[in-house]
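Sequential numbering from 18 applies to the sequence shown in my numbering.
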Amino acid sequence: MFNIEEELKKLPKSPGVYLMKDANDNIIYVGKAVNLKNRVSSYFRKTNKTDRILKMVSLIDHFEYIVVSNEAEALILECNLIKENRPKYNVLLKDDKSYPYIKIDVKSDFPNVIITRRVVNDGSKYFGPYANPRCCKRNG
(Lines of atoms letter the chains of each structure in order from A; the text may use other names.)
(Lines give C-alpha, C1' and ligand atoms only; values in the text may rest on other atoms or scores of the structure.)
Protein backbone atom coordinates (compact mmCIF):
# COMPACT_ATOMS: atom_id res chain seq x y z
CA MET A 18 0.00 0.00 0.00
CA PHE A 19 1.19 3.50 -0.86
CA ASN A 20 1.84 5.62 2.24
CA ILE A 21 1.96 9.24 1.07
CA GLU A 22 3.74 10.51 4.19
CA GLU A 23 6.48 7.90 3.84
CA GLU A 24 6.85 8.51 0.11
CA LEU A 25 7.14 12.28 0.64
CA LYS A 26 10.17 11.63 2.88
CA LYS A 27 11.86 9.70 0.06
CA LEU A 28 11.52 12.45 -2.54
CA PRO A 29 14.80 13.93 -3.80
CA LYS A 30 15.58 17.64 -3.74
CA SER A 31 16.25 17.43 -7.48
CA PRO A 32 14.47 18.93 -10.48
CA GLY A 33 11.86 16.75 -12.08
CA VAL A 34 8.29 16.04 -13.04
CA TYR A 35 5.64 14.50 -10.81
CA LEU A 36 2.48 12.63 -11.76
CA MET A 37 -0.44 12.63 -9.34
CA LYS A 38 -2.62 9.54 -9.75
CA ASP A 39 -6.03 8.45 -8.51
CA ALA A 40 -7.04 5.07 -7.07
CA ASN A 41 -7.56 3.71 -10.62
CA ASP A 42 -3.97 4.67 -11.55
CA ASN A 43 -5.21 7.47 -13.84
CA ILE A 44 -2.93 10.50 -14.11
CA ILE A 45 -4.95 13.43 -12.77
CA TYR A 46 -2.16 16.03 -12.69
CA VAL A 47 1.34 16.51 -14.08
CA GLY A 48 3.65 19.16 -12.67
CA LYS A 49 7.27 20.22 -12.77
CA ALA A 50 9.55 21.20 -9.93
CA VAL A 51 13.00 22.63 -9.36
CA ASN A 52 12.92 20.75 -6.04
CA LEU A 53 10.61 17.71 -6.10
CA LYS A 54 10.59 17.28 -2.32
CA ASN A 55 9.42 20.83 -1.63
CA ARG A 56 6.93 21.05 -4.48
CA VAL A 57 5.15 17.70 -4.07
CA SER A 58 5.07 18.08 -0.26
CA SER A 59 3.37 21.47 -0.63
CA TYR A 60 0.17 19.79 -1.90
CA PHE A 61 -0.23 17.94 1.39
CA ARG A 62 0.38 20.88 3.77
CA LYS A 63 -2.53 22.62 5.41
CA THR A 64 -2.30 25.95 3.61
CA ASN A 65 -4.77 28.05 1.67
CA LYS A 66 -5.67 26.24 -1.54
CA THR A 67 -8.27 26.83 -4.20
CA ASP A 68 -11.32 24.55 -4.31
CA ARG A 69 -9.95 22.98 -7.48
CA ILE A 70 -6.65 22.05 -5.78
CA LEU A 71 -8.44 20.79 -2.67
CA LYS A 72 -10.60 18.52 -4.83
CA MET A 73 -7.57 17.26 -6.74
CA VAL A 74 -5.62 16.52 -3.55
CA SER A 75 -8.60 14.60 -2.17
CA LEU A 76 -8.41 12.32 -5.22
CA ILE A 77 -4.65 11.64 -5.03
CA ASP A 78 -4.06 8.00 -4.15
CA HIS A 79 -0.37 7.93 -5.05
CA PHE A 80 2.24 9.75 -7.08
CA GLU A 81 5.24 9.02 -9.25
CA TYR A 82 8.12 11.22 -10.24
CA ILE A 83 10.87 11.47 -12.84
CA VAL A 84 14.17 13.12 -11.96
CA VAL A 85 15.79 15.21 -14.71
CA SER A 86 19.03 17.17 -15.01
CA ASN A 87 17.63 20.70 -14.97
CA GLU A 88 14.57 22.91 -15.03
CA ALA A 89 14.48 23.15 -18.84
CA GLU A 90 14.27 19.36 -19.16
CA ALA A 91 11.49 19.33 -16.56
CA LEU A 92 9.55 21.93 -18.55
CA ILE A 93 9.79 19.97 -21.80
CA LEU A 94 8.91 16.66 -20.14
CA GLU A 95 5.95 18.22 -18.32
CA CYS A 96 4.64 19.70 -21.57
CA ASN A 97 4.96 16.39 -23.40
CA LEU A 98 3.30 14.39 -20.61
CA ILE A 99 0.39 16.84 -20.42
CA LYS A 100 -0.16 16.67 -24.17
CA GLU A 101 0.08 12.87 -24.14
CA ASN A 102 -2.13 12.20 -21.09
CA ARG A 103 -4.47 15.25 -20.91
CA PRO A 104 -4.82 15.06 -17.10
CA LYS A 105 -8.10 16.35 -15.71
CA TYR A 106 -6.59 18.95 -13.37
CA ASN A 107 -3.99 20.46 -15.71
CA VAL A 108 -5.11 23.75 -17.17
CA LEU A 109 -4.22 23.64 -20.85
CA LEU A 110 -2.62 26.81 -22.13
CA LYS A 111 -4.87 28.79 -24.44
CA ASP A 112 -2.11 29.32 -26.97
CA ASP A 113 -1.20 25.59 -26.71
CA LYS A 114 2.47 26.57 -26.77
CA SER A 115 4.63 23.93 -28.30
CA TYR A 116 8.36 23.56 -28.61
CA PRO A 117 10.22 23.64 -31.91
CA TYR A 118 11.58 20.57 -33.69
CA ILE A 119 13.96 20.29 -36.61
CA LYS A 120 12.29 18.38 -39.44
CA ILE A 121 14.21 16.71 -42.28
CA ASP A 122 12.14 15.55 -45.23
CA VAL A 123 14.16 12.43 -46.07
CA LYS A 124 11.81 11.26 -48.86
CA SER A 125 12.81 14.11 -51.14
CA ASP A 126 15.73 13.87 -53.61
CA PHE A 127 17.01 17.03 -51.98
CA PRO A 128 16.01 16.76 -48.30
CA ASN A 129 14.59 19.96 -46.90
CA VAL A 130 15.41 21.03 -43.34
CA ILE A 131 12.79 23.16 -41.61
CA ILE A 132 11.79 24.24 -38.11
CA THR A 133 8.30 23.14 -37.07
CA ARG A 134 6.19 23.02 -33.95
CA ARG A 135 4.11 20.07 -35.13
CA VAL A 136 5.27 16.49 -35.37
CA VAL A 137 3.26 14.47 -37.85
CA ASN A 138 3.64 10.90 -39.05
CA ASP A 139 4.83 11.77 -42.56
CA GLY A 140 8.04 9.76 -42.82
CA SER A 141 10.25 12.74 -42.03
CA LYS A 142 12.93 12.67 -39.32
CA TYR A 143 12.24 14.94 -36.35
CA PHE A 144 14.79 16.14 -33.80
CA GLY A 145 13.81 17.86 -30.57
CA PRO A 146 11.93 19.33 -28.85
CA TYR A 147 14.16 22.30 -28.07
CA ALA A 148 13.42 24.57 -25.12
CA ASN A 149 15.16 27.51 -26.78
CA PRO A 150 13.93 28.19 -30.35
CA ARG A 151 17.19 30.01 -31.18
CA CYS A 152 19.05 26.69 -30.83
CA CYS A 153 17.29 25.46 -33.98
CA LYS A 154 18.46 28.29 -36.19
CA ARG A 155 21.79 28.74 -37.88
CA ASN A 156 24.18 30.85 -35.85
CA GLY A 157 21.78 30.38 -32.91
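Backbone N, C-alpha and C fix where the C-beta goes; we use that ideal spot for every residue, glycine too.
Assign residue i to one of two classes, buried (16 or more other C-beta atoms within 10 Å of its C-beta) or exposed (fewer than that).
i, result
"V34", "buried"
"C152", "exposed"
"S75", "exposed"
"A89", "exposed"
Provide the residue span of the alpha helix (DSSP H) that contains residue i, from first to last.
i, result
"V74", "D68 to L76"
"L188", "With the chain running from 18 to 157 in the structure shown, residue 188 is simply not present."
Assuming residue i and residue j are in contact, meaning their beta carbons sit under 8 Å apart, how far apart are those beta carbons, in whole angstroms?
i, j, result
"L98", "V47", "5 Å"
"I132", "P146", "Incorrect: roughly 11 Å between the Cβ atoms, too far for contact."
What are the boundary residues of the beta strand (DSSP E) that residue i is part of?
i, result
"K105", "Careful: K105 lies outside any beta strand (DSSP E) and carries neither H nor E."
From the DSSP output, which residues share a beta bridge with residue i?
i, result
"L36", "V47 and E81"
"Y118", "T133"
"Y143", "K120"
Three or more C-beta pairs below 8 Å linking the region 58-73 and the region 117-130:
Touching, no.
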